[in-house]
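There are 2 protein chains.
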Amino acid sequence: MSSTLGTLYLVPTPLDFGTAGPAPDLQDVLPLGVIRRAAALDFWIAENAKTARAFLKRVDAVVPLASPLQSLQIVELPRAQKGAAKGTPQASAPDLSALLKPALEGHDLGLVSEAGLPAVADPGAALVQAAHAQRVPVVTLPGASSLLLALAASGLNGQSFAFVGYLPVETAARGARIRELEALSRRSAQTQLMIETPYRNEALLGALVAHLQANTRVSISCGLTLASGFTRTDTVAAWKAKPSALPDDVPVVFSLLAG
Amino acid sequence: MSSTLGTLYLVPTPLDFGTAGPAPDLQDVLPLGVIRRAAALDFWIAENAKTARAFLKRVDAVVPLASPLQSLQIVELPRAQKGAAKGTPQASAPDLSALLKPALEGHDLGLVSEAGLPAVADPGAALVQAAHAQRVPVVTLPGASSLLLALAASGLNGQSFAFVGYLPVETAARGARIRELEALSRRSAQTQLMIETPYRNEALLGALVAHLQANTRVSISCGLTLASGFTRTDTVAAWKAKPSALPDDVPVVFSLLAG
Chain A
81 MSSTLGTLYL VPTPLDFGTA GPAPDLQDVL PLGVIRRAAA LDFWIAENAK TARAFLKRVD
141 AVVPLASPLQ SLQIVELPRA QKGAAKGTPQ ASAPDLSALL KPALEGHDLG LVSEAGLPAV
201 ADPGAALVQA AHAQRVPVVT LPGASSLLLA LAASGLNGQS FAFVGYLPVE TAARGARIRE
261 LEALSRRSAQ TQLMIETPYR NEALLGALVA HLQANTRVSI SCGLTLASGF TRTDTVAAWK
321 AKPSALPDDV PVVFSLLAG
Chain B
81 MSSTLGTLYL VPTPLDFGTA GPAPDLQDVL PLGVIRRAAA LDFWIAENAK TARAFLKRVD
141 AVVPLASPLQ SLQIVELPRA QKGAAKGTPQ ASAPDLSALL KPALEGHDLG LVSEAGLPAV
201 ADPGAALVQA AHAQRVPVVT LPGASSLLLA LAASGLNGQS FAFVGYLPVE TAARGARIRE
261 LEALSRRSAQ TQLMIETPYR NEALLGALVA HLQANTRVSI SCGLTLASGF TRTDTVAAWK
321 AKPSALPDDV PVVFSLLAG
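Order-wise, the sequence lines are chains A and B. Just so you know, we're using the numbering used here here: the first sequence kicks off at 81 and counts up by one. Just so you know, we're using the numbering used here here: the second sequence kicks off at 81 and counts up by one.
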């Protein structure tokens with residue numbers, strides 16, 4: 081690899097994006113080393129430029145940015161990528177190598193998503209793929225993924241698990257998919273994780289409880305890293321006996337393990 | 081839930097355990113908020129008590145421990161759990177509720193694994209399951225999992241992925257499992273992640289390259305968060321044309337996505 085190439089840093093961000101109430105202090109949720117690295121970068125690629133600027137303002141309050149926020153280059157990932165169906169392969173992605181120009185010219189480059197680890201449960205992987213194709217070194221800085229915080233807190237199997245993204249919205253297709261995930265989970269004792277648009281949180285929990293076997297365990301983690309956050313894991317029978325209300329304004333991670 | 085219960089905190093640790101060379105500064109890899117919370121806890125459950133003490137010494141150097149290290153209660157997870165086969169369900173786990181006694185008496189309790197997020201790719205989930213059964217609140221503090229840092233850096237599909245633990249060691253069974261994982265990956269464009277005992281890193285990479293199709297992509301991430309760390313993602317054809325030597329003394333995360 082040429083020493084003149086910059087590095088593509090995958091920069092984790094807090095999980096509180098878009099949630100109500102006071103955001104945690106940045107140092108409560110991100111390592112100082114990550115904040116320092118972010119403060120030093122002049123070139124950025126973002127899932128959403130507005131969110132990226134809000135993040136960099138929080139960085140600046142802890143470690144002053146090397147260059148003024150207004151002078152940073154923040155380029156958004158192409159919209160077509162943002163709308164890509166979850167779970168589709170990246171092979172047909174448009175050519176993103178133009179976005180890597182700063183790295184090819186020797187500048188370090190940061191990638192950020194809306195929340196958490198970039199290129200996980202978001203469209204950033206196509207850019208990382210392009211970086212590997214150009215032999216641009218890729219480094220993920222240490223940070224949290226809501227999926228794995230939820231998995232840890234669930235008490236479900238953490239030695240075999242899968243993230244399957246979003247479930248179908250249509251009722252019959254959703255029910256069929258839930259039963260399919262339960263069968264997959266039973267076959268290899270594999271925890272199945274999924275996410276939902278916040279206003280459909282209640283509907284997804286209802287569908288899980290309606291379609292799964294009584295002894296299958298379902299876990300929900302709401303508002304991870306927020307003071308109001310909580311995790312509940314119970315059998316479907318217990319969820320039926322004692323339902324929980326779910327917030328419709330914070331991200332929830334759902335998981336199941338067949339009993 | 082009773083207000084007299086303590087909380088079970090799942091405390092992330094650095095990923096550099098057992099690796100040679102200088103360890104990163106704790107503040108480079110863990111949020112200050114996590115270090116502060118760890119410094120305040122008097123009761124711990126650990127995968128390995130010696131490693132937990134070494135971690136707490138690093139904590140103490142940043143935020144002085146509330147109580148002297150010698151006076152902390154550090155209890156190891158039962159050995160039987162440590163040797164549990166990867167991917168087995170937790171349902172047959174022994175009763176771990178006795179370990180939760182401090183939380184039932186109102187004290188906050190920390191759980192740590194050898195490296196990274198507890199209860200992910202380690203035997204801690206059984207304890208978390210016991211906590212939920214006793215209605216002890218469970219909170220995962222924000223930290224990195226090597227699996228997801230590797231997934232992000234791989235550029236493989238981050239919208240559908242599975243962690244399958246260790247592969248069989250026996251040659252024929254290993255080859256069959258590799259072909260099975262490739263078929264699973266192809267069916268749903270799902271990235272498959274796995275780990276190996278470090279001294280078998282080279283052998284696993286060799287087996288992947290030998291058994292997978294030429295256009296399947298294989299990614300390896302070595303020494304995550306270390307200065308010497310790197311990620312390489314290439315097609316099997318490219319791995320064959322230009323092999324990489326793998327270190328035998330640092331953890332490596334392997335992943336594949338069928339082409």
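Beta carbons are placed, not taken as given, at the ideal position from N, Cα and C, and that holds for glycine. As the structure is a computational prediction, the values presented were derived from the model and not from experiment.
Asked                                                                                                                                                                                        : Found
Within this structure, are the beta carbons of Ser193 (chain A) and Ser335 (chain A) separated by less than 7 Å?                                                                             : no
Identify every run of the alpha helix (DSSP H) within the region 200-269 of chain A, keeping only runs that are complete inside it and at least 4 residues long; order them along the chain. : 205-213, 226-234, 251-268
Below 7 Å on C-beta distance, what does Leu288 (chain A) contact in chain B?                                                                                                                 : The contacting residues do not exist; Leu288 (chain A) stays about 17 Å from chain B at best.
Can you check which of these residues, A:Leu247, A:Gln209, A:Glu276, A:Ala307, is closest to Val218 (chain B) by C-alpha distance?                                                           : A:Ala307
Between which two residues does the alpha helix (DSSP H) harbouring Val142 (chain A) extend?                                                                                                 : 129-142
7 Å is my cut-off, CB to CB: does Leu284 (chain A) come that close to chain B?                                                                                                               : no
Along chain A, in chain order, which residues have C-beta atoms closer than 9 Å to that of Ala98 (chain B)?                                                                                  : A small fix is needed here, since residue 98 (chain B) is Gly in this sequence, not Ala. The premise fails here: Gly98 (chain B) is roughly 17 Å from chain A at the closest Cβ pair, so nothing lies under 9 Å.
Do the region 210-225 of chain B and the region 309-317 of chain B make contact, defined as three or more Cβ pairs closer than 8 Å?                                                          : no
Evaluate the contact criterion for the region 135-151 of chain B versus the region 104-115 of chain B: three or more CB pairs, one atom per stretch, below 8 Å.                              : yes
Would you verify that the beta carbon of Val200 (chain B) is, or is not, closer than 7 Å to some beta carbon of chain A?                                                                     : yes
On the DSSP bridge assignment, give the partners of Asp105 (chain A) in chain order.                                                                                                         : In DSSP, Asp105 (chain A) forms no bridge with anything.
Does the beta carbon of Gly235 (chain A) sit closer than 7 Å to a beta carbon anywhere in chain B?                                                                                           : yes
Which residues in the same chain have their Cβ closer than 6 Å to the Cβ of Leu304 (chain A), if we skip the five residues on either side of it in sequence?                                 : Leu95, Ser226, Leu229
Looking at Val155 (chain A) and Leu179 (chain A), is the spacing between their C-beta atoms short of 7 Å?                                                                                    : yes
I need the DSSP call for Ser172 (chain B), collapsed to helix, strand or coil.                                                                                                               : Below a pLDDT of 50, predicted positions are generally treated as unreliable, and Ser172 (chain B), at 49, falls in that range; the measurement from the model is reported next regardless. Note: Ser172 (chain B) maps to coil in three-state DSSP.
Output, in chain order, the set of chain B residues within a Cβ distance shorter than 7 Å of His212 (chain A).                                                                               : Gly235, Thr313
Of the choices A:Leu337, A:Thr296, A:Thr277, whose alpha-carbon is the least far from that of Leu326 (chain A)?                                                                              : A:Thr277
For the region 111-138 of chain A, which residues have a CB atom closer than 7 Å to at least one CB atom of chain B, in sequence order?                                                      : Pro111, Leu112, Gly113
When the Cα of Thr251 (chain B) is compared with those of B:Gln214, B:Gln270, B:Ala290, which residue comes out closest?                                                                     : B:Ala290
Only counting the same chain, and skipping five residues up and downstream in sequence, which positions put a Cβ closer than 7 Å to that of Leu176 (chain A)?                                : Ala206, Leu207, Ala210
Let's test the definition: count the other Cβ atoms within 10 Å of the Cβ of Pro248 (chain A) and tell me whether it reaches 16, buried, or not, exposed.                                    : exposed
First and last residue of the alpha helix (DSSP H) that includes Val289 (chain A)?                                                                                                           : 281-291
Work out the CA separation of Ser299 (chain A) and Arg267 (chain A) for me, nearest whole Å.                                                                                                 : 19 Å
Starting from Leu197 (chain A), find everything on chain B with Cβ-Cβ shorter than 7 Å and list it in chain order.                                                                           : Leu228, Ala232
Quick check on the burial criterion: 16 or more other C-beta atoms within 10 angstroms. Buried or exposed for Arg297 (chain A)?                                                              : buried
Which whole-angstrom value describes the C-beta separation of Thr271 (chain A) and Ser301 (chain A), a residue pair presumed to lie in contact below a C-beta threshold of 8 Å?              : Between Ser301 (chain A) and Thr271 (chain A) the Cβ distance is about 13 Å, and since that is not below 8 Å, they are no contact.
To the nearest angstrom, how far is the alpha carbon of Ser172 (chain B) from that of Gly190 (chain B)?                                                                                      : For Ser172 (chain B), the predicted model reports a pLDDT of 49, less than 50, meaning its position is unreliable; a value from the coordinates is still stated below. Cα-Cα distance, rounded: 23 Å.
Which residue marks the beginning of the beta strand (DSSP E) containing Gly86 (chain A), and which one marks its end?                                                                       : Here Gly86 (chain A) belongs to no beta strand (DSSP E), and DSSP marks it neither H nor E.
Give me the Cα-Cα distance between Ala318 (chain A) and Gln293 (chain A), rounded to the nearest whole angstrom.                                                                             : 11 Å
Considering only the alpha carbon of each residue, which of A:Thr131, A:Arg133, A:Pro182, A:Ala126 lies closest to Leu157 (chain A)?                                                         : A:Ala126
Output, in chain order, the set of chain A residues within a Cβ distance shorter than 8 Å of Val91 (chain B).                                                                                : Within chain A, no residue comes near Val91 (chain B); the closest Cβ sits about 10 Å away, beyond 8 Å.
Can you name the start and end residues of the beta strand (DSSP E) that Gly190 (chain A) belongs to?                                                                                        : 189-192
Give the interface partners of Ala178 (chain B) over in chain A, defined as CB-CB distance under 9 Å, in chain order.                                                                        : Within 9 Å Cβ-Cβ: nothing; Ala178 (chain B) doesn't reach chain A, min ~17 Å.
Mind checking if Gly238 (chain B) is an interface residue toward chain A, Cβ cutoff 7 Å exclusive?                                                                                           : yes
Determine, using beta carbons only, whether Val244 (chain B) comes closer than 7 Å to chain A.                                                                                               : yes
Per DSSP, what kind of secondary structure is Pro336 (chain B) in: helix, strand or coil?                                                                                                    : First, the amino acid is wrong: residue 336 (chain B) is Leu here, not Pro. Residue state, collapsed to three classes: strand.
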